[in-house]
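Okay, structure first, notes after.
Residue numbers (the numbering used here): 108 to 401.
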């Protein structure tokens, strides 16, 4: 049995996963697209060093911010990790809010074919093509570096030639689960969740998000693919003096709220998630499930 703890940003996934993992002596596989990057700690709300020391985490801090990482690579890495833990009889908990990563890892997923279909975009700049991709397929754009013209064109070509975005192709695919899984999430009232998101952004700033991002940008440059992550992306405008800090924080909160909406839509339509009203009831359900397989 693989336990999948998912749900929107700010719903309490990490706390639930850590508590459950400690009780059943399990290990956690990250399913957040930006926690794979080293250095993006505060803005992605990674588990602390102490938490990671108490419970083994996988697929966190595995690539540098200027390196590429996408759903296909995550699928390969996650399945290899699952196989290793299963061979050791270690309980597996997948925790994260990137729905496409979860589906790709756990389902018999078929990716849209990209090879060999490259439309001639003429004199269009790479930046204009990237902005076009952000318009038609924002989810795919977050996984592609804005300077990677070839991958941008391939993602656009899928939309141009099929009428369906690359992300839609993935989400509409209805493959079978490869593993026995239990999907759970905590369902909070939307207004309460938004308030929690706002407070979390403020807490991240107090914890040093601005200085963390500035250090990363100074070292890697602001165009690194990893800096499409909410929180880091908006700070680029602040560092380049296109917005004030107050405006930037408001933009981060708005972007996070919009992301929460997209996450809810995905989880309710693309994953067999069982929703619970609070931490306690979700934990009880997980423990009962684990006991029934013990």
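C-beta: ideal position from N, C-alpha, C; glycine also.
Keep in mind it's a predicted model, so treat the numbers as computed, not measured.
- Pairing residue 205 with residue 136 gives a Cβ-Cβ distance that is not under 8 Å.
- Contact between residue 337 and residue 363 is confirmed by a C-beta separation of about 6 Å, below the 8 Å threshold.
- Less than 8 Å divides the Cβ of residue 307 from the Cβ of residue 117.
- With contact defined as three or more Cβ pairs closer than 8 Å, the stretch 309–324 and the stretch 129–143 are not in contact.
- Taking every protein chain shown into account, the CB of residue 130 has fewer than 16 other CB atoms within 10 angstroms, so this residue is exposed.
- In the three-state reduction of the DSSP assignment, residue 165 falls in the strand class.
- Annotation for residue 185: 136, 166 and 212 place their beta carbon closer than 7 Å to its own, counting only its chain and skipping 5 residues before and after.
- Residue pairing by DSSP puts residue 137 in a beta bridge opposite 202.
- Taking 8 Å as the cut-off, the Cβ atoms of residue 346 and residue 324 count as close.
- The beta carbons of residue 113 and residue 367 sit no closer together than 8 Å.
- Under the DSSP definition of a beta bridge, residue 289 partners with 110.
- Residue 216 sits in coil when the DSSP states are folded into three classes, being neither helix nor strand.
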